[in-house]
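What follows is a set of notes on a single structure, which appears directly below.
Number of protein chains: 2
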Amino acid sequence: MRGFSPDQIIGIGVDTTGSTPLPVDRHGHPLAFDRRFAKHPAAMAWLWKDHTGIAEAGEITALARKLRPQYLAKCGGTYSSEWFFSKILHCLRTSPEVFDAAYLWVECSDWVPAMLTGTEPPDQLTVGICAAGHKAMFNDAWGGYPDAEFLSQLDPKLGALRSRLRSKAHTIDRAVGGLTLEWAARTGLPANLPVAVGAFDAHLGGVGSGIAPGTLVKIIGTSACDMMVVPVGDKLPDIPGLCGIVPGSILPGHYGLEAGQSAVGDIFNWFVNYIQPLGKKAGSHEALSAAAAKLAPGESGLLALDWNNGNRTVLVDQRLTGLLLGQTLYTTPAEIYRALIEATAFGALTIINRFVEYGVKVEQIVNCGGIAEKNPLVMQIYADVTGRPIKISRSGQTCALGAAIAGAVAAGKSAGGYANYADAQKAMTGLKPRIFQPNATAHTVYKELYSLYRKLHDAFGTQQANDNLYPVMKELIEIRNRARK
Amino acid sequence: MRGFSPDQIIGIGVDTTGSTPLPVDRHGHPLAFDRRFAKHPAAMAWLWKDHTGIAEAGEITALARKLRPQYLAKCGGTYSSEWFFSKILHCLRTSPEVFDAAYLWVECSDWVPAMLTGTEPPDQLTVGICAAGHKAMFNDAWGGYPDAEFLSQLDPKLGALRSRLRSKAHTIDRAVGGLTLEWAARTGLPANLPVAVGAFDAHLGGVGSGIAPGTLVKIIGTSACDMMVVPVGDKLPDIPGLCGIVPGSILPGHYGLEAGQSAVGDIFNWFVNYIQPLGKKAGSHEALSAAAAKLAPGESGLLALDWNNGNRTVLVDQRLTGLLLGQTLYTTPAEIYRALIEATAFGALTIINRFVEYGVKVEQIVNCGGIAEKNPLVMQIYADVTGRPIKISRSGQTCALGAAIAGAVAAGKSAGGYANYADAQKAMTGLKPRIFQPNATAHTVYKELYSLYRKLHDAFGTQQANDNLYPVMKELIEIRNRARK
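If you're matching them up, the sequences are chains A and B in order. Residue numbers for the first sequence follow the numbering used here, so the first one is 1 and each next one is one higher. Residue numbers for the second sequence follow the numbering used here, so the first one is 486 and each next one is one higher.
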């Protein structure tokens, strides 16, 4: 470690991906470290982007709709294949030998702090409300995790697991414990350093981007997370399509609201790496961005849906796929590249609109993450499509910064940290000077294109009676002809 | 000229593209050859694929719908921007100096025989029924071309042109005249050789492929033409969406039925030449065909519409565009290439179904043209999608062969030719030995995919109440999952 001295470190915060549950034994050791399961995929961490539990997610949603609608109301109306119980139930069904060997399932964001502090499950384990609340239907309103009766109807073994799950979940303003001697030795840090309750990278990215009521923080990388907070006590309805409304999941004392897009940068990467238009050099992100930047909104006549990896918000449906429409015999790769960027911007606008429709004011948008850092064309298109200024978080590592803030708050003011998140965010977060302002002319065109996007979105993504789609191709041609004049 | 002696030539047949009208002066000389107009695009031949008269086509269709519905009934219900009067009216509106300088407009297929035989318009010009009937609403039932009153309502100048148009149109079993001395000298052929009435390349391609009642001939190149004949006297209803039902337009004594696809090979060429997936080498037609041939039907999860250049049959709508659906983050160029081939096969099936729905029996399919010659993958997919054997015309140049047959019939039996088309076709046409047989398993999958294609086709291409499109992406995923097992 260079540039600082270990004694400058006053606390540790942990962020991980999620829902990323690990099957562990009765001491908290991952089964993957057990020789018997060393090569068994089901014994490894079930990564957040794993959708294999799609049938189980459908089953959980259907059962909850029937017996426990309140469970669904707080997670947007649909339980996702990406989440905790879908994965565990899928393991139970497809790799029962792993399920049977697991004493407990622990979210990665809880497991890392537990390991650093030597707190063993089940009794000593501290569960963070971020993972439990957003991905495992944990809510104090019904006594924590889904009840045993409900889980037993999915499978009696899942019901039996319920008794080993914790009854409380915690916000990130407290410490799980202190750094063990072993980890102090391995890291060169002081023993007993406070380790904060863990949370997901996106949520701590929100913290590191200065999230506060009215500020939408959007982390854009391969996929995107959209986060907002609302003070607990403010009136807040259930919002269909959101990934969760969880008290304290982002900032203590605030509801954490999470939405997201299943793929953003991944769609651009697919086009560049899988399709490889124009070959590797002429079809690089840089070359395509430069060519796409020269196009006017609507000029390509193309319209796309950003569903190559399904739709997280507002449809919560993985069984959706990409769509590209408007191709002629002269359509170019740069036009397609721009259409894909625009599609993700339309997806972003759909999320903003959903917040606003349910009374959550969006006063400013702060983007962060790899794409926000690296691609000004994408940011300008987001400003033009949303008609709102797009600000960029100052830090290039907002998730790590958020975790550092958690460490500083866990340490407390007396140790040189902060008494609360508001103070810590004020001191530690900020924005870049460049703000992407919407261009009014571009926004006017994008309003037209967005209304066509919504027609496709609703036609393929909802069971509502369809708008007639006959005008879609014709209106795109009209818009194109006007843009080319 | 090698390999034969000029005195073996007993007659000349002419096929050209169409509708390809040329503005000519009072001696039949194209205005393009006049110095004043040498660089004026509107004075050149208006190529068949020119769609600039789209507004005028709409105007003609609307007026005919109101005043002369019978005109539309014989050309599928919509007058196309590709056709004779749309182009002339567009010239009148946008380049009046050319229109005013033109004494007459002559189809290329009439102009070439006229030039070879020295027959000058308007009085000596022989008009072929193929071009006039399919593209210019010529029908003996209403006295030839559309009447002056109708044309005058579009523009009085168009009405005035009517008096210079011929009142009769002829089938290809007669000669326009004999080869002039000038052309005999230029070509080295005997003077006075009979030159047959001209026709479109596709229609003579039908003749050269052995077209007869029950045989659908499909010429597949950059676009596709589908042709059938029905004996005059047989009951034949008007068929919506066809490019025309014209007595004698293909074979004398038979109704000629023309349908078509606005782009087939052009769509594959677009993907290879404009998108250039994987770069030039790995993304060649050969490489993509080889990779696509390894895929099972439905395996890609993709579905496309073949409308990159609009839809000729059965929608008769140029204001339609391409669509690709089902993309994931792993979709490959070969999968897209195959989906584009399949889309053109679904378009082909839609045409076959339209014939059958209106009582025209399709007993065999004979394909010809560049794609039929060169790409066995495309032919196999056509067999699998249609569920019918696909035969290939023996000649690699069926249009030229059809023209040669016309020359042989114009010459007559006494000159060493044939007395009629049946005899000439029997002697001069044939099939290749390889027949592409449909695979039953593949056909079953394609039946499912085609029903989804029809949903998209009807949703974007018709004003009918839409089927709900919500199941489309989900069913494609189901089909894909089954195909991958």
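Here a beta-carbon is modelled for each residue, glycine too, at the ideal position from N, C-alpha and C.
Item                                                                                                                                                                 : Value
List, in order along the chain, the chain B residues whose C-beta lies closer than 7 Å to that of K157 (chain A)?                                                    : Going along chain B, no residue has its Cβ under 7 Å from K157 (chain A), so there is no contact; the nearest lies around 27 Å.
Within the 7 Å Cβ cut-off, does N966 (chain B) reach chain A?                                                                                                        : no
Can a CB atom of chain A be found closer than 7 Å to the CB of Y822 (chain B)?                                                                                       : no
Counting only the same chain and skipping the five closest in sequence on each side, list residues whose C-beta sits under 7 Å from that of I267 (chain A).          : D306, N308, L340, T344
Please report the residue range of the alpha helix (DSSP H) in which G461 (chain A) lies.                                                                            : 440–461
Do G618 (chain B) and V731 (chain B) come within 7 Å of each other at the CB atom, strictly closer than that value?                                                  : yes
Which chain B residues sit within Cβ distance under 9 Å of W270 (chain A)?                                                                                           : Q812, T813, L814, Y815, T816
Under 7 Å, Cβ to Cβ, is there at least one residue of chain A near Q948 (chain B)?                                                                                   : yes
Examine chain A for any beta-carbon lying closer than 7 Å to the beta-carbon of I1014 (chain B), and answer yes or no.                                               : Coverage of chain B is limited to positions 486 through 970, which leaves residue 1014 (chain B) absent and any answer about it impossible.
Name, please, each residue of chain B whose Cβ falls closer than 7 Å to the Cβ of K474 (chain A).                                                                    : R804
Going by C-alpha to C-alpha distance, which of A:L116, A:L154, A:V230, A:A131 sits closest to T187 (chain A)?                                                        : A:L116
To the nearest angstrom, how far is the alpha carbon of D686 (chain B) from that of L701 (chain B)?                                                                  : 16 Å
Just to confirm, is the Cβ distance from L916 (chain B) to K876 (chain B) under 7 Å?                                                                                 : yes
So W531 (chain B) packs on P515 (chain B), CB below 8 Å; how close in whole Å?                                                                                       : Incorrect: roughly 11 Å between the Cβ atoms, too far for contact.
Looking only at DSSP bridge pairs, what is Q261 (chain A) linked to?                                                                                                 : A:A224
For a contact defined as C-beta to C-beta under 7 Å, what are the partners of Q761 (chain B) on chain A?                                                             : P277, L278, G279
Tell me whether K846 (chain B) is buried or exposed, calling it buried when 16 or more other Cβ atoms sit within 10 Å of its Cβ.                                     : exposed
Just to make sure I have the definition right: I need the residues of chain A whose C-beta is within less than 9 Å of the C-beta of L809 (chain B). Which are they?  : G322, L323, L324, L325, Q327
Out of curiosity, what's the CA-to-CA distance linking S694 (chain B) and R967 (chain B)?                                                                            : 39 Å
Any beta-carbon of chain A closer than 7 Å to the one on N796 (chain B)?                                                                                             : no
Give the interface partners of D751 (chain B) over in chain A, defined as CB-CB distance under 9 Å, in chain order.                                                  : L329
Can you tell me the Cα-Cα spacing of P698 (chain B) and Y564 (chain B), whole angstroms?                                                                             : 26 Å
Exposed or buried, T926 (chain B), counting other C-beta atoms within 10 Å across all chains shown (16 or more means buried)?                                        : exposed
Report yes or no: is there a C-beta of chain A within less than 7 Å of the C-beta of I962 (chain B)?                                                                 : yes
Using C-beta distances below 7 Å, list every residue in its chain close to M529 (chain B), excluding the 5 sequence neighbours before and after it, in chain order.  : A517
Between the C-alpha atoms of A169 (chain A) and Y255 (chain A), what's the straight-line distance to the nearest angstrom?                                           : 14 Å
Can you tell me which of the three DSSP states I890 (chain B) falls into?                                                                                            : helix
Looking at S109 (chain A) and G144 (chain A), is the spacing between their C-beta atoms short of 7 Å?                                                                : no
From A42 (chain A) to K135 (chain A), what distance separates their C-alpha atoms?                                                                                   : 19 Å
From G416 (chain A) to I12 (chain A), what distance separates their C-alpha atoms?                                                                                   : 13 Å
Closer than 6 Å by C-beta to I704 (chain B): which residues in its own chain qualify, once you throw out the five before and the five after it? Chain order, please. : A687, G690, C710, C853, G854
Just checking: is the beta-carbon of N793 (chain B) within a distance shorter than 7 Å of some beta-carbon in chain A?                                               : yes
Listed in chain order, which residues of the segment 617–648 of chain B have Cβ atoms closer than 8 Å to some Cβ of chain A?                                         : none
Take the Cβ of A888 (chain B) as the centre, count every other Cβ of all protein chains shown within 10 Å, and call the residue buried at 16 or more, exposed below. : buried
Could you compute how far the alpha carbon of Q261 (chain A) sits from the alpha carbon of Q922 (chain B)?                                                           : 45 Å
Can you say whether V841 (chain B) is buried or exposed, counting buried as having 16 or more other CB atoms within 10 angstroms of its CB?                          : exposed
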